[in-house]
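Heads up, the thing below is written out as structure tokens.
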Amino acid sequence: MQNLWNNVSKWPLFVLGAILGVFFNAVKPLVPLLKNPVTAIALIGLLLGGVAFIGFTLRAMMGMSPI
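Okay, structure coming up:
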């Protein structure tokens, strides 16, 4: 039984490592674009627009009042 709980306790660290690995591999190609101010502004605008789109979509799907 101790072996089971030992294995179960390792899963949160594994999940965190997997999520961070995906995040870092997704961001790594975008870092050189941040060196040019024009592409940095466009990239940040695209990121904020995507977050706003997802937020507005989820609010509409859940029937929450508009902002």
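Here our numbering is used: the first residue of the sequence shown is 8, the next is one more, and so on. Here a beta-carbon is modelled for each residue, glycine too, at the ideal position from N, C-alpha and C. The structure presented is a predicted model; accordingly, all values stated were derived computationally and were not measured.
Exercise for review: Pull up the CB-CB distance for Ala47 and Leu40, whole angstroms please, since I reckon it's below 8 Å.
Suggested key: 7 Å
**Study point:** Residue range of the unbroken alpha helix (DSSP H) whose run includes Leu65
**Key:** 44-69
Review point. Can you give the Cα-Cα distance for Val29 and Gly70, rounded to whole angstroms?
Key: 32 Å
Check your understanding: Roughly how many whole angstroms lie between the Cα atoms of Leu15 and Leu27?
Key -> Per the sequence shown, residue 15 should be read as Val rather than Leu. Distance between the alpha carbons of Val15 and Leu27: 20 Å.
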